[in-house]
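K.L.:
Input: one structure, supplied below.
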Amino acid sequence: GDSVTQMEGPVTLSEEAFLTINCTYTATGYPSLFWYVQYPGEGLQLLLKATKADDKGSNKGFEATYRKETTSFHLEKGSVQVSDSAVYFCALTKTVVQGAQKLVFGQGTRLTINP
Amino acid sequence: DAEITQSPRHKITETGRQVTLACHQTWNHNNMFWYRQDLGHGLRLIHYSYGVQDTNKGEVSDGYSVSRSNTEDLPLTLESAASSQTSVYFCASSESIREGPNGYTFGSGTRLTVV
C-alpha cells in the first residue's frame, strides 16, 4: 500500500543552520505531496504542497520539490530560526472513489533549533 | 470564519467506560477524518467519512466507531476504553475534489488518557 518514510528524529540545529528533512514515498499513480507542521500544543497546519512531478512547494522560507524519479519530497530551509522548532510531517494524498482524498502520513520528525 | 473544533481538549477516563470525542466543522466539507497520534507512529487513520450517512474504517479502527448524521459533525466513540487508546486524537476535514487548495484542515486535538 501507499506509505511515507521520513528521516529519523529528533533533529537539533543551531539558529541560521541549513535544514534538510528527508521524505520518500511509495504510491501507485500520482499522489499529491504535503508537508505539515505541528507547533507545541497545537494541531497540524499545512506548510506546503506539490501536486505533480517537478512542482516546488514553498512557504515561510521552506521549500520541497516533488521528485518522481527518486520518489522523494525533501523539506529544506536555508536558515532556520528558533520559531521553526516543531514536529514536521510528510504526507501524501491518495484519490479513492468519487474524487475523495485520503492522507497518509510519515511518522514525523521533531526539530529543535537552539539560539 | 470557518473552523473545525474538537472537544474536550483533555479527557481522563477509566478503563471500560464509553467515551465520545466531538468534532464540529463549519467549512461545509464533505470529507471528515479521525486520526490518532502516537510517538513513533505519526498519525494513523481511525475512521473517515465522505458524506452524510457514509463511514469507513481506517487502519486502526478496532475499538472505535463513528456516525455521520449531518455534514458538520463526526463524533468518535470508544465503546469500552482501554489503556492502549491513550493518545492524542485529531479530527480533520477536506474538500471533495482531488486537489483542494488547502489540503486538510485539522482541529487542535483531544488528549485522552485511559487509567
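Each protein sequence line maps, in turn, to chains G and B.
When you line the first sequence up against our numbering, it's residues 64 to 178, in that order.
When you line the second sequence up against our numbering, it's residues 599 to 713, in that order.
Just so it is clear, CB atoms sit at the ideal spot from N, CA and C, and this is done for glycine as well.
Please read all numbers here as calculations on a predicted model, not as lab measurements.
Classify G/N122: buried if its beta carbon has 16 or more other beta carbons within 10 angstroms, exposed otherwise.
P.N.:
exposed
K.L.:
Here's the rule: buried if 16 or more other CB atoms are within 10 angstroms of the residue's CB, otherwise exposed. What is B/G705?
P.N.:
buried
K.L.:
Suppose the cutoff is 6 Å on Cβ atoms and the five residues either side in sequence are ignored; what does the same chain contact list for B/P673 look like?
P.N.:
T618, A620
K.L.:
Against B/L619, what residues of chain G qualify as contacts under a CB-to-CB distance less than 8 Å, listed in chain order?
P.N.:
None at all; the shortest Cβ gap to chain G is about 14 Å.
K.L.:
What are the uninterrupted segments assigned as alpha helix (DSSP H) that are 4 or more residues long and contained completely in the stretch 605-674 of chain B, given in chain order?
P.N.:
none
K.L.:
G/F125 CB to nearest chain B CB: under 8 Å?
P.N.:
no
K.L.:
I need the straight-line Cα distance from B/G638 to B/V713, nearest angstrom please.
P.N.:
22 Å
K.L.:
Please list, in chain order, all residues of the same chain as B/G614 whose beta carbon is under 7 Å from its beta carbon, the five residues on each side excluded.
P.N.:
S678, A679
K.L.:
So the beta strand (DSSP E) G/G120 belongs to, where does it begin and stop?
P.N.:
Unbroken beta strand (DSSP E) run through G/G120: 119-122.
K.L.:
Applying the 10 Å Cβ sphere with the 16-neighbour rule, what's the burial state of B/S691?
P.N.:
buried
K.L.:
Tell me whether G/V150 sits in a helix, a strand or coil according to DSSP, three-state version.
P.N.:
strand
K.L.:
Would you kindly report the start and end of the unbroken beta strand (DSSP E) that includes G/R130?
P.N.:
That residue, G/R130, is in no beta strand (DSSP E); it is neither H nor E in DSSP.
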